[in-house]
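Down below is the structure, laid out as structure tokens.
Residue numbers (this note's numbering): 880 to 1200.
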């Protein structure tokens, strides 16, 4: 099942070298594995070259490739750390939020990323990527040139059914009039933490480009199995009784759970307002009384009455890693 792109939402996929094993995996202050290569005996000073996955083709966003200095996390991962970017891949964002909402999911995330510090990293920009970036400048005289190589001192190894290495360089866009403010073009974070962005970038490397990651042929089940590690249990339309919906919502604080909305959710008034977005994915956070609590990966906590859930949602996906 795939959901269509509508203004940034669609609900629906081995590259790189294995990281050097230079000692025990340190827990680090970020709750993710962390290796300081400067403190390891025999650590190599050679340059590690990592290619940047090509951007999506359908966008006209003026972007640049820059290193991002955010920490992986400021505390344990949280559902509010995640914000879907320009790609129509809300299933990935919803799944990551659902994982961050549960103890088993946070353990899964903790085991997915290892950060390597004190490295010599060169992120390269392929010729076709440079052409794409430069074609979007729109003759803007204030935009600084894009370097073909970005140097930095850290990288990440991400386990997505195989280890994938990515640097701390990301596609960014200017947001302030002064040109000094930057937002990430793809996966972003309201809390300015990098773990969801690193995972999405690694997935783009796995599929060879952000364009491929945006392709509607990739399904919720496919994304779930890669990110969670197991196939999901699915409650589909026609089998979503109020009892099953309540049970899934009650368990959502322990079992990662997401919901997929219908292609055309019902209007609630004459202004065409709706309870939720059509063709979109939400992390299910829990239930209070008869109200289900959701997280819209556009960065918005939302609520919906239990009795209206089945008329707005066509499927629930859940399961522990």
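Idealized CB from N, CA, C, for every residue including glycine.
Taking residue 1129 as the reference, which of 952, 1079, 1172 has the closest Cα?
The shortest C-alpha separation from residue 1129 is found at 1172.
My guess is that residue 1132 and residue 980 are in contact by the Cβ rule of under 8 Å, so how many angstroms apart are they, rounded?
With 8 Å as the limit, residue 1132 and residue 980 qualify as a contact, their Cβ atoms being about 7 Å apart.
Since residue 971 and residue 1063 are thought to touch, with beta carbons under 8 Å apart, how far apart are those beta carbons, to the nearest angstrom?
Rounded, the Cβ-Cβ distance is 14 Å, inconsistent with contact.
Leaving aside the five residues before and after residue 1029 along the sequence, list all residues of the same chain whose C-beta is less than 7 Å from its C-beta, in chain order.
Closer than 7 Å at Cβ, skipping near neighbours: 944, 946, 1002, 1048.
If you measure between the beta carbons of residue 955 and residue 910, is that distance less than 8 Å?
A contact, by the Cβ cut-off of 8 Å.
Quick one: residues in its chain with C-beta nearer than 6 Å to the C-beta of residue 935, no 5 flanking neighbours on either side, listed in chain order?
Closer than 6 Å at Cβ, skipping near neighbours: 1089, 1090, 1093.
From the DSSP output, in three-state form, read off residue 1033 for me.
Correct three-state label for residue 1033: strand.
Below 8 Å on the Cβ atoms is my guess for residue 1199 versus residue 1135; work out the distance and round it to an integer in Å.
Their Cβ separation, rounded to whole angstroms, is 7 Å, which keeps residue 1199 and residue 1135 in contact under 8 Å.
Within the continuous alpha helix (DSSP H) that includes residue 965, where are the two ends?
Looking at the DSSP string, residue 965 is not in any alpha helix (DSSP H), and its letter there is neither H nor E.
Just tell me which of 918, 1176, 932 has its CA closest to the CA of residue 1045.
Checking every option, the nearest Cα to that of residue 1045 belongs to 932.
Based on Cα-Cα distance, which residue from 950, 987, 930, 966 lies nearest to residue 1039?
Comparing Cα-Cα distances from residue 1039 to each of 950, 987, 930, 966, the minimum goes to 987.
Quick one: which unbroken alpha helix (DSSP H) runs of 4-plus residues sit fully inside the region 1101-1163? Chain order, please.
Here the runs fully enclosed are 1121-1130.
Nearest CA to the CA of residue 919: which residue from 958, 998, 1054?
Answer by Cα proximity: 998.
Is residue 1211 helix, strand or coil when you go by DSSP?
Any answer about residue 1211 is impossible in this case: the structure gives the chain only from 880 up to 1200.
Output needed for residue 1032: all residues of its chain with C-beta closer than 8 Å, excluding positions within five of it in sequence on either side, in chain order.
Cβ within range, chain order: 996, 997, 998, 999, 1000.
On a Cα-Cα basis, can you pick out the residue from 965, 1194, 917 that is closest to residue 1076?
It is 965.
Near residue 850, which residues of its chain fall below 7 Å by C-beta distance, leaving aside the five closest residues on each side in sequence?
In the structure as shown, the chain begins at 880 and stops at 1200. Residue 850 is therefore absent and cannot be evaluated.
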